[in-house]
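In what follows, a structure is listed as structure tokens, so that the remarks can point back to it.
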Amino acid sequence: MAKYLVIVESPAKVKTIKKFLGKNYEVAASNGHVRDLPKSQLGIDVEHDYEPKYITIRGKGDILANLRKEVKKAEKIYLATDPDREGEAISWHLSKALKLEDKHVYRISFNEITKNAVKTSLKQAREIDMNLVDAQQARRMLDRMVGYRISPLLWAKVKRGLSAGRVQSVALRIICDREEEINAFIPEEYWTLEAQFAVPGEKKALTAKFYGDEKGKRTIGSREEMDEVLKKLEQEQYQVLDVKKGERTRKAPLPFTTSTLQQEAAKTLNFSTQKTMRLAQQLYEGVDIKGQGTVGIITYLRTDSVRVSEEADQAAREYVQTSYGEKYVAHSGQECKGAGKIQDAHEAIRPSDITRTPVMMKESLSRDQFRLYQLIWKRFTASRMSSAVYETTSIQIGAGDFRFHVSASRIAFEGFMSVYTSEEDEKGENNVLLKSIDKDTKLTLKELEEKQHFTQPPAHFTEASLVKALEEQGIGRPSTYAPTITTLLGRRYVVKENKNLYITELGEAVNSIMLEAFPTIVDERFTANMESLLDKVAEGSVEWKAVISNFYPDLEEAVQAAEKDLEKIQIEDEVTDVVCDLCGRNMVIKYGPHGRFLACPGFPECRNTKPYLEKIGVACPQCGKEVVLKKTKKGRKYYGCEDNPECDFMCWQKPSSEKCPECGGYMVEKGNKLVCAEKQCGFVKEKQKEEQNQ
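All residue numbers for the sequence shown refer to the UniProt record's numbering, where the first residue is 1 and numbers rise by one.
What follows is the structure in structure tokens.
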């Protein structure tokens, strides 16, 4: 009979770990959390020292009953939940739910599900770390307070089941701020100039870019400036003034953290953050490898550390030396340094065994599992390899006072790039022409090619760039990025089109309410500071209830103030002049999960609904009919003609009734300015004060 019981979170781990431990051990799963705050109420006793009220999660009764039976049989119980704060909290909840106070209970954790790691963890069994548990309790209670006190207000204001969240609301604000920045952006004109030169003794031409003059770099901002430069260049002789040859190195990348894995998988594999985490979880929990059984092939996937254990580091260097040669191994002093605080219990995401190459694993993995494993394997292997070395050549060409530049590079030693390259890595070019050019070489101009450009607005957020922004600002933790983005998309506050995230009308409405009523909650610095406080709770330097008791009174005051204001500005259904086709009543504007729509006030007798098309008081530039505010199928706002599809006019920015005085085209609103929609015209003017105040 089994003497020892090991409790893990996921059923997928049971079979793998049982195989490592043998007959004396029974392994069972809790299927994640077993206790939580009740869904029907706040679940926090604010009158009595903010004591949380935990209940058994619905549906977990049978699981707990089975675990209690196993507990009775066991001499020792090992709680082997995930190696992070949430895992620590689950272990604590299990000890309470199973009443393990009088039992021999130990907490074990392992960063990878391998025989060696699991057996080592048993030798290093410890007590539950209450500092980590308290940090997780504080996070859960803060999130509950924000969600349960603010969401009902949004319900009252926008009229359907909306939600607010401590991290979610800040992420929404960040996306909204970027959208405003893009909408207010006014392109600026600039020109570039390339010259083609004939080089003595060479068949191919040399291409150089205009740099500026002897005083330094110069930007050409208009056609007139360009014509002036071209006129002067007609008279000049071209000569090489300087040739510099050099060398530069490109350091190997750090191994993946949760954030960088999500970003890279989004960029190179086109995976959503949710998909990346799901696949990584499968690779961590274990896959069936032919001849070896079920084994976890990567380390724990929720981490903000780039630390690597000595054994894994040594194994990787030996693998690189054997497979690539001594000169490809990174110097032992070249250790990776991570930004910010790192919990030493965690490691970077890496293969649990570097000798399991992607090629060997291909048959045991699904296509997407293989692609993600290959990315993780290559990145970790590259992180233990030496820097890539480039040979560089830079040429300065003089034409009177003007200067042209040519620069080229080629890889002299691939180093880590023989295994791993990312989008940012320069491929380098070997320009054979450069070898035959020396200082004072006379060049013959063959052709000058000028091009007009316009500056581009900031890019819309993608899932990858949003994760990067959240991480850089210290908002949320590795485990929160994917669920935060999933919630924003699921609530339709944000839509995704071609990787880009766009704010919807609903998202704008929720964000404006949060900014007005709860500016602190959506303040990036406040949220980042809260994460820092939770870190201090985990270290044991701050009392967890102190964090809660400092936060709740201010939140409650803001909620009560907002409730009063909401009563004053309660929105009644706005009656329109659109007549219901079925019963003849004037239809009203309603709010739904996807924004505004027209509905018959005779509901439920009459259930007629129509899309709501808001007229903006501007005539269509193409046909003269009304321009209306519309939405794409996914909920993104745009402006189009009411006579669509007969008239195909559409515009992402709000058109103005004012015509462009320069070209007669229509103008669009960008912040507090009116800009001609015709790029080549580029006319800009300030909006009238009356318009700005509307």
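We put the beta carbon where it would ideally sit given N, CA and C, even for glycine.
Check	Outcome
Please report the straight-line C-alpha distance between Pro457 and Arg126, rounded to a whole angstrom.	54 Å
Return the CA-CA distance between Gln653 and Gln473, expressed in angstroms with no decimal places.	30 Å
Taking only three categories from DSSP, how would you classify Thr268?	helix
Measuring only the C-alpha atoms, how far is Arg58 from His331?	54 Å
Looking only at its own chain, which residues have a Cβ that is under 7 Å from the Cβ of Thr487, when we skip the five neighbours before and after it?	Gly165, Gln168
I want to know whether the region 43–55 touches the region 310–324 - three or more CB-CB distances under 8 Å.	no
What is the DSSP secondary structure of Pro83, reduced to helix, strand or coil?	coil
For the region 164–197, which segments carrying the alpha helix (DSSP H) assignment without a break, of at least 4 residues, lie completely within its bounds, in sequence order?	166–184
Which residue marks the beginning of the beta strand (DSSP E) containing Met667, and which one marks its end?	666–670
With a threshold of 7 Å on Cβ separation, who are the neighbours of Lys362 within its own chain once the five nearest residues in sequence on each side are excluded?	Phe370
Could you tell me the alpha carbon to alpha carbon distance between Val432 and Asn270, rounded to whole angstroms?	Note on Val432: pLDDT 46, under 50, position unreliable in the model; no value is reported.
What three-state label does DSSP hand Asp577 in the structure shown?	strand
Let me know if Met650 comes out buried or exposed under the rule of 16 or more other beta-carbons within 10 Å of its beta-carbon.	exposed
What's the gap between the Cα of Ile342 and the Cα of Asp304?	In this prediction, Ile342 scores a pLDDT of 38, lower than 50, which makes its location untrustworthy; no coordinate-derived value is stated.
Given a cut-off of 7 Å on the beta-carbon distance, is the pair Leu448 and Ala205 in contact?	no
Between the alpha carbons of Tyr420 and Pro358, how many angstroms are there, rounded?	13 Å
Identify whether Phe210 lies in helix, strand or coil by the three-state DSSP scheme.	strand
Can you tell me the Cα-Cα spacing of Gly400 and Asn500, whole angstroms?	47 Å
Could you work out which residue in Leu172, Trp377, Tyr25 is closest to Leu283 when comparing CA atoms only?	Trp377
On the DSSP letters alone, give me the boundaries of the alpha helix (DSSP H) that Asp102 sits inside.	First-last for Asp102: undefined, no H or E at that position.
So, is Asn111 buried or exposed, given that buried needs 16 or more other C-beta atoms within 10 angstroms?	buried
From the DSSP secondary-structure annotation, give me the bridge partner or partners of Tyr284.	In DSSP, Tyr284 forms no bridge with anything.
Between the C-alpha atoms of Leu21 and Trp544, what's the straight-line distance to the nearest angstrom?	37 Å
With distances taken Cα to Cα, identify the nearest neighbour of Asn66 among Ala29, Ala252, Val329, Glu505.	Ala29
Measure the alpha-carbon distance for Leu193 versus Gly216 and round it to whole angstroms.	16 Å
When the Cα atoms are used, what is the spatial distance from Pro621 to Gln688?	21 Å
Ordered along the chain, which non-local residues of its own chain (more than five positions away) have a Cβ less than 8 Å from that of Val684?	Ile186, Lys673, Leu674, Val675, Cys676
Quick one, are the C-beta atoms of Leu162 and Ala538 less than 7 Å apart?	no
Can you say whether Met587 is buried or exposed, counting buried as having 16 or more other CB atoms within 10 angstroms of its CB?	buried
I think Lys19 touches Gly293, with their Cβ atoms under 8 Å apart; what is that distance to the nearest whole Å?	6 Å
For Glu127, name the three-state secondary structure that DSSP assigns.	coil
Per DSSP, which one or two residues make a beta bridge with Lys590?	Phe597
Is the Cβ-Cβ distance between Leu534 and Ala171 less than 7 Å?	no
Rounded to the nearest angstrom, what separates Ile521 and Tyr50 at their Cα positions?	20 Å
With the cut-off set at 7 Å, would you say Ala266 and Glu471 are in Cβ contact?	no
Roughly how many angstroms lie between the CA atoms of Ile349 and Lys275, to the nearest whole one?	16 Å
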